[in-house]
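Here the structure comes first, spelled out in structure tokens, and everything after it is commentary.
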Amino acid sequence: MDAAKYCSCGNEAFVDDKYEEAIQFYSKAIEMNNTVAEYYTKRATALIKVKRYQEAIKDADQAILIDPTGWKSYLRKGIGLYHNHDYLAAKQVFMQGKEVNKDEESFAMWIGKCSAELGEPPSNSNPNSAQKSNTQNDNANVDQKTQAPTIIPSPPVIRHDWYQTQTNVIIDILSKKVNSRDFHIEFDETSVRVEFLDQQGNQKNMAFNLSHAIVPEQSKAKILTTKIEIRLKKAEGIQWSNLTRANELNESTKVRVYPSSNRGTKDWDKLEAEIKKEEKETKLEGDAALNQLFQQIYGDGSDEVKRAMMKSFVESKGTVLSTNWNEVKEKNVECKPPDGMEFRKYEQ
201 MDAAKYCSCG NEAFVDDKYE EAIQFYSKAI EMNNTVAEYY TKRATALIKV KRYQEAIKDA
261 DQAILIDPTG WKSYLRKGIG LYHNHDYLAA KQVFMQGKEV NKDEESFAMW IGKCSAELGE
321 PPSNSNPNSA QKSNTQNDNA NVDQKTQAPT IIPSPPVIRH DWYQTQTNVI IDILSKKVNS
381 RDFHIEFDET SVRVEFLDQQ GNQKNMAFNL SHAIVPEQSK AKILTTKIEI RLKKAEGIQW
441 SNLTRANELN ESTKVRVYPS SNRGTKDWDK LEAEIKKEEK ETKLEGDAAL NQLFQQIYGD
501 GSDEVKRAMM KSFVESKGTV LSTNWNEVKE KNVECKPPDG MEFRKYEQ
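Residues in the sequence shown are numbered consecutively from 201, following my numbering.
Here is the structure:
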């Protein structure tokens, strides 16, 4: 298993709230490749979840050293410092991160929290906002054309983030306190459509034209206090390079975008079935066939089968792959190299 696979396993554990297990997988990824800033940033995120803030700060520092342009590393370091009650240092880090990514609104929020802890007055970043709000209320019946240029602010853009595991793609829509009664979602094989009211009561419509197929009946959404979490079940266990076909979010749209401008209709279900049939009939050989078999067992297996495969593979250094959870759950799986070979630790 390479570093990227260990990172993917860490993502899987993190999504399932198994933060200590996620930390172990991210640590394995770092052991195999300590030049990837993302691995340190992800481990820092998991460390913050288990309140190991000093270690998270150290990981974030290493990530910044590797890639000074990664804004998430500054955010993780600042959060670690904040929870360690070093508010001045945290504020400075958040300000550095804001310089790296001026569009990330999280920095402004955390800077405000640090300022409050330091007893500093709140920044007056938008002195006209209160005046605009009062003007809008007092002149509700004024012609809209008169108000628009000066007092109607642009509606806030709903931000989103995404990440993936071997079997799922997770989309986080960062909107707070969404009421389940005002929420609606539709899953299709290649798209997801979301409708909801945000905290200010504004109607939000978001459509994701996905770059790969999903399994709609095994996909779901969960409304949390700070976000909407959408978990998409991959139709195939492949890594997605982009979330959407054009790597874009289509917001407030009423029309589905298809991958052709041809006015004629195509039976996409039939086309997909033909592709899957062709893939099944393609006979792989050697390691490729074996890997395909393992992926099929893992993808179709229960949670216990997946845990057994992951535990046995990691603990045995890749020499044992068991599907029996009862057999491996209470013992360490020993390394069993092939006949004629012996296991040795690598020494630099």
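C-beta atoms are modelled at their ideal positions from N, C-alpha and C, and glycine is treated no differently.
By the DSSP assignment, the alpha helix (DSSP H) with residue i in it spans what residues?
{"i": "V378", "result": "Taken as a continuous stretch (DSSP letters only), V378 belongs to no alpha helix (DSSP H), as it is neither H nor E."}
{"i": "D261", "result": "253-266"}
{"i": "H283", "result": "271-283"}
{"i": "W310", "result": "306-317"}
{"i": "V528", "result": "525-528"}
{"i": "R507", "result": "503-515"}
{"i": "E220", "result": "219-232"}
{"i": "N211", "result": "203-215"}
{"i": "E238", "result": "237-249"}
Which first and last residues belong to the beta strand (DSSP E) in which residue i is found?
{"i": "L432", "result": "428-433"}
{"i": "A413", "result": "Per DSSP, A413 belongs to no beta strand (DSSP E) and is neither H nor E."}
{"i": "Q292", "result": "Taken as a continuous stretch (DSSP letters only), Q292 belongs to no beta strand (DSSP E), being part of the alpha helix (DSSP H) at 287-300."}
{"i": "N405", "result": "403-409"}
{"i": "K420", "result": "420-423"}
Taking a contact to mean a Cβ-Cβ separation below 9 angstroms, would you say residue i touches residue j in this structure?
{"i": "D267", "j": "K277", "result": "no"}
{"i": "Y253", "j": "C207", "result": "no"}
{"i": "C314", "j": "V514", "result": "no"}
{"i": "Q422", "j": "I414", "result": "In the sequence on display, residue 422 carries Lys and not Gln. No, the pair does not count as a contact, with Cβ atoms beyond the cut-off."}
{"i": "Y282", "j": "F307", "result": "no"}
{"i": "R393", "j": "F408", "result": "yes"}
{"i": "Y226", "j": "K249", "result": "no"}
{"i": "L229", "j": "A203", "result": "The amino acid occupying residue 229 in the given sequence is Ala; Leu does not appear at that position. Contact flag set, yes."}
{"i": "I264", "j": "G270", "result": "yes"}
{"i": "N368", "j": "K434", "result": "yes"}
{"i": "Q400", "j": "V378", "result": "no"}
{"i": "P189", "j": "E389", "result": "The shown model of the chain, from 201 to 548, leaves out residue 189, and the question about it has no answer."}
Taking the beta carbon of residue i as the centre, do at least 16 other beta carbons fall within 10 Å, making it buried, or is it exposed?
{"i": "E530", "result": "exposed"}
{"i": "S502", "result": "exposed"}
{"i": "A256", "result": "buried"}
{"i": "G297", "result": "buried"}
{"i": "E231", "result": "exposed"}
{"i": "N211", "result": "buried"}
{"i": "I438", "result": "exposed"}
{"i": "F494", "result": "exposed"}
{"i": "D259", "result": "buried"}
{"i": "H285", "result": "exposed"}
{"i": "A222", "result": "buried"}
{"i": "S461", "result": "For S461, the predicted model reports a pLDDT of 49, less than 50, meaning its position is unreliable and no value from the coordinates is stated."}
{"i": "S391", "result": "buried"}
{"i": "K251", "result": "exposed"}
{"i": "K376", "result": "exposed"}
{"i": "A316", "result": "exposed"}
{"i": "S512", "result": "buried"}
{"i": "K302", "result": "exposed"}
{"i": "I352", "result": "With a pLDDT of 49 at I352, under the threshold of 50, the predicted position of this residue should be treated as unreliable, though the coordinate-derived value follows. I352 is exposed by the Cβ-count criterion."}
{"i": "Q344", "result": "Low per-residue confidence applies at Q344: pLDDT is 48, beneath 50, and the placement is therefore not dependable, though the value from the model is reported in the following sentence. With fewer than 16 Cβ atoms within 10 Å of its Cβ, Q344 is classed as exposed."}
In the DSSP output, what is residue i paired with across the bridge?
{"i": "H384", "result": "E395"}
{"i": "V549", "result": "One cannot answer for residue 549 here, as it falls past the ends of the chain, which runs 201 to 548."}
{"i": "T519", "result": "Bridge partners of T519: none, in fact."}
{"i": "T444", "result": "L410"}
Our contact map puts residue i next to residue j with C-beta atoms below 8 angstroms; I'd like the distance itself, whole angstroms only.
{"i": "S419", "j": "F383", "result": "Not confirmed; about 15 angstroms, so no contact."}
{"i": "G518", "j": "M201", "result": "6 angstroms"}
{"i": "M406", "j": "I370", "result": "15 angstroms between Cβ atoms; not a contact."}
{"i": "T444", "j": "S411", "result": "6 angstroms"}
{"i": "S522", "j": "C535", "result": "Contact doesn't hold; Cβ gap of about 13 angstroms is too wide."}
{"i": "V533", "j": "V520", "result": "5 angstroms"}
{"i": "Y287", "j": "A246", "result": "23 angstroms between Cβ atoms; not a contact."}
Hey, is residue i close to the ligand MG, as in C-beta under 8 angstroms from one of its heavy atoms?
{"i": "E527", "result": "Among the ligands in the structure shown, none appear at all, so the ligand MG cannot be discussed."}
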